[in-house]
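Quick notes on the structure that follows.
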Amino acid sequence: MEAGAIYSEPTFDPTRLVNCTLYGNSAEDTGGIVAHRAVYSDLYLSVVNSILWNPGAEIKSDSWSASYSDIQGGATG
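Counting from 395, one number per residue, gives the positions in the sequence shown under my numbering.
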């Protein structure tokens with residue numbers, strides 16, 4: 395699978411973006427950030443105090459949250 399700036403495979407630790415700016419981040423088949431879950435793993439993406447700006451879907455993940463962040467297309471946080 396192809397992803398933009400970040401592609402996270404299942405692990406037991408959450409993927410965290412803190413104080414990050416991603417602009418113009420994209421991939422042909424997916425969003426700019428992809429986080430996948432597996433049966434044995436509760437992969438979680440956390441975005442804190444970050445700016446994610448890109449035309450199209452920015453985040454592709456089953457389970458994620460944003461706080462104190464500006465995400466194009468809208469997201470609570």
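Glycine residues also receive a C-beta, built at the ideal position from the N, C-alpha and C atoms.
- Ranking V442, W447, S457 by CA distance to the CA of S463 puts V442 first.
- A residue is called buried once 16 or more other Cβ atoms fall within 10 Å of its Cβ, and S457, having fewer, is exposed.
- Excluding its 5 nearest sequence neighbours in each direction, W447 has C-beta neighbours in its own chain below 6 Å: Y417, Q466, listed in chain order.
- Spatial neighbours of C414 in its own chain (CB-CB distance under 6 Å, excluding positions within 5 residues in sequence) are listed in chain order as S444.
- When the alpha-carbon of D407 is set against those of N419, I400, Y438, the nearest one is in Y438.
- In this chain, the beta strand (DSSP E) harbouring Y417 covers 415–417.
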